[in-house]
Each structure stands twice: as structure tokens, then as C-alpha cells.
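Here the structure is laid out as C-alpha cells; the discussion comes afterwards.
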Amino acid sequence: MIRYEHHYYGGTWQKPSTNDTIEVISSATEEAIGLVPRGSVDDVDRAVRAARHAFDTQWSLTTADERATWLEKLAGAMKARVPQVAEAISHEVGTAIGFATKVQVEFPLSMIALNGKFLREYTFEEELGNSLVIKEPIGVVGCITPWNYPLHQIVAKIAPALAAGCTVVLKPAELAPLSALMLADAAHEIGLPAGVLNVVCGSGRVVGEAIVGHPDVDAVSFTGSLTAGRRVASLAGEGIKKVTLELGGKSAFVVLDDAPFDKAIPAGVNNCMQNSGQTCSAWTRMLVPRARQAEVVDLAKAQLAKLTLGDPFDAKTRLGPLASANQRDTVLSYIEKGKSEGAELVAGGDRPRTMPKGFYVEPTIFADVDNRMEVAQEEIFGPVLTIIPYDTEADAIRLANDSIYGLAGGVWGGTPERALQVARRLRTGQVDVNGGRFNHLAPFGGYKKSGIGRELGPLALDEFFQLKAIQR
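The structure is reproduced here in C-alpha cells:
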């Protein structure tokens, strides 16, 4: 049992204002594996005041080189905690331990250090005519993060915010708070100046809303559901605060008729099922030529059979459980909806009978899906792939763009040139062409209801600056 009895703010571990706690449940065993304090409005107020003091008196006055050095120290301190953090995330989220170690922990740690590099290369001042345009840190930033990639999403927010010279008040997800407190441990260990990084655990309704609505919070960075994002934007709007929102997606993978199906279809299945489908950018809609749908189904089922479902701590496991009983039940309800809508269930579709404990759902494939069905339009956030047939290239592009979301997507064609032509016509923030790898230097974010603003890479720093023009 991992226990944290205090919040972290003002450079030290602080006693909570109430005795309420949050029990952290293992997604694989359904047993408690952690306990953290449940924060209140008073806890948020104290944390924000600490962040404001640190911003006004110290952190915003540091040099870029000094901040870069602190980020590098923080990444170094977290390296010793990699096994502990990966184990916690595997329990919380259900992520297979190998994937958790490499993607959930090691990748975010590299991003902390990279933000130091970006900072040392950043241009803070520019001459435009008779004006000197200066980029200055926006102030205190409230960061509210989700449970599916807990440390990754924390780092995507706090690393550029700290690099820019802002201080942070962080509320991690209730389901997966442990990595945030381990990060606070590391910050305390290196002596990060008091009030620069502050962590208060709790619910979105209480702690999250208190952060967004606090008058001393200057900007908010939120990742979560569309419904919660609307609430965050509304509250932030009352205070005229800058908001960055990443609200999920229903990404399309367009397989063109001249693509190498033996490569494209397995790649699409792997992408959709990554982290047991608990990935906002997952290609959950696979658009394929109607005449070749049967071939696609056979290839997809064959690839799915290679993705072993099981204990996240077994080295052979590729897909673990979902993060909670509620998430499991939500995904199962969508599967039932797909059946009732008339989609053809070709794989999975239920809870695995061999696993009486844990929040498991069989990886599932629907074929002959109409893009107007709920399973094709709503973010399921589980291991569910919908195969949608199209008749022409123009039809495929229309279907891919027929979504309220626009976060990510993929195109695979017989030539890079043709695939790129189609990629340019997709209304989405990122597109992978012919198996293009994820690039941690590229900005990440969406069109339409997938959000506002961008994370990751050097351009992410721009979310945390104000512009000042000085005429001379």
C-alpha cells in the first residue's frame, strides 16, 4: 500500500484541511493499492497562494538557463523512480508493465529534460519595426490531468509551464494520482524552489473547479472529457483566463485501395488497442474500401489474436484491464449499443470468462459500421475498433471528417505522395502517413471539439507566455 498523507505545496508536505481520503484501486486485482488525501477549496487556496508568491518573488525572475537546469535535475531525480512509478501506473490504469515503463514513464521523463533544451534555444525577444516584442510568463497555471496517461499528461503541461517561468498548481486524476505525488517527491528531493510546483489531489468538481475559478490563477491547462472541458472553459471565461484544452477524439485511419493491407491493417489494429484503447488519439475508426472489407476483417482478427489480454505485470501481456469498473461498464454498454445498431460483431464483445477479477473487456471489432452509429461517433475509450467501408477516395475523406472531433488520424496509401494528399484534407491536429512514427517534437492538439491549443515540443511553450510590445 502506497500512502501519502499530505498535499505538496509551498515547498513542503502540508497537512490536509480535512480527513477525507481517496482510495486508489488496482485495475487488475480490484484491491486497494494506495491512499491519498482528498483536497478541499481551502487546500487549493493555500497552494495557489504559494504558487503566486513563488511566481512574483522568484521563479519569473530566473534566467532561462537556471530554469533549464532545474528541469534537468527533476528529470534526473525521477529516473531513480522509474520502476516504482511504472508499477503504480500499471495498477491504476491497467497498462502492461513494459508499455508503462517505456511510454508512461521513460518518455515523459525525456520530455522534462527536452523542455530544458527547448528553453536554452528559445527566442524571447524580437524586433518588429520600432517595437521590441517580449515573451513573458503568463503567471500561475492550473493544470488538471486525466488518468489514462497520468505522468505523460502531467509532464506535457508542467514542463513547458515551468520552462516558461510560470508556477503550477496541479490536480491529478482521482483514479491515478500516485505518479503526481512521486513527482512532488522528486521536486522536494532536488530542492525545487518553494511554491514552483504544487500538488493537491481531489475531485474535479471540488479541487478542479476551485483551481479554475481562483482569482490568482492566470491560465488553465486541462485534459479530459468534452463535458468537463466545457465546464472548465465556462469557469475560466468568467475570469478571462487563458485556457488550453485537450478533449479527446474519434480518429479515423484511412486505408486507401492501393495500400499494402498486410502492413496497414495490423498497424491500425495496434494503434486502436494501445493502452487497451484508453488513448485519446487512437485510430478507432478504420475506413476501408468496401470491396475489400472481408479481407480487412480477416487481417484485423489475425492481428488482434496476437495482442495477449492478461495480467499487466506478465511480460507476455499486451493488453491489460481498463482503469475502473465504471470505465469497463461504459465500454460494455457501447458494445451492446453497437450490436443493437446493427454493426457486425466479428471479434470480442464481452468480459473474458477466464478473468473473474479485474476490469477487463475483450478487445472488440465491429465491421460494416455506418459512420452515423454511436459506436462510430462517440469516444468509447476502450478496446473497440469500428471498420467502416467507403466507396471512393472522396467518400473516405468525407467520412473521416464527419466527426465532432479532430485530434489525430492516419492514412496509408500505395505511395507517400497519394497518402500525403489525403492527409492534407483531414481536419485533424495530427496525421500519420504510411506508418509515420509519433514525433515528440511536433505539437499535439486538435481541431473542432478536440480542444484548443497545443502540447508537446518547443511550440508548447507558447501556451504559457504573454506578449508585450515596447515601442522605441
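Per this note's numbering, residue 22 is the first one in the sequence shown, and the count goes up by one each step. Glycine included, every Cβ here is placed at the ideal spot set by N, Cα and C.
On the CB-based measure, 16 or more other CB atoms within 10 Å of its CB, does residue i come out buried or exposed?
i           : result
residue 371 : exposed
residue 239 : buried
residue 374 : exposed
residue 22  : exposed
residue 458 : exposed
residue 188 : buried
residue 219 : buried
residue 53  : exposed
Less than 8 Å separating the beta-carbons of residue i and residue j?
i           : j           : result
residue 164 : residue 60  : no
residue 429 : residue 217 : no
residue 356 : residue 290 : no
residue 245 : residue 343 : no
residue 330 : residue 287 : no
residue 275 : residue 65  : no
residue 377 : residue 49  : no
residue 109 : residue 200 : yes
residue 401 : residue 317 : no
residue 498 : residue 100 : Absent from the structure is residue 498, since the part of the chain shown begins at 22 and ends at 493.
residue 266 : residue 32  : no
residue 42  : residue 56  : yes
residue 134 : residue 195 : no
Tell me, please, which residues DSSP counts as bridged to residue i.
i           : result
residue 139 : DSSP lists no partner for residue 139.
residue 179 : Answer is none; residue 179 lacks a bridge partner.
residue 243 : 165, 266
residue 35  : 28
residue 465 : 476
residue 494 : Outside the displayed range of the chain (22 to 493) lies residue 494, so it cannot be described from this structure.
residue 56  : 24, 44
residue 307 : 274, 408
residue 188 : 161
residue 454 : 432
residue 491 : 153
Distance check for residue j and residue i, CA to CA, integer angstroms please.
i           : j           : result
residue 45  : residue 114 : 11 Å
residue 415 : residue 283 : 23 Å
residue 156 : residue 180 : 17 Å
residue 146 : residue 182 : 18 Å
residue 277 : residue 455 : 10 Å
residue 167 : residue 149 : 40 Å
residue 192 : residue 228 : 7 Å
residue 363 : residue 319 : 20 Å
residue 367 : residue 51  : 29 Å
residue 399 : residue 381 : 20 Å
How far does the alpha helix (DSSP H) with residue i in it reach, from first residue to last?
i           : result
residue 324 : 314-325
residue 353 : 346-362
residue 494 : Residue 494 falls outside the range modelled here, since the chain spans only 22 to 493, and no answer is possible.
residue 79  : Residue 79 -> no alpha helix (DSSP H), and no H or E assigned at all.
Starting from residue i and walking both ways along the beta strand (DSSP E), at which residues does that stretch end?
i           : result
residue 387 : 385-388
residue 365 : 365-368
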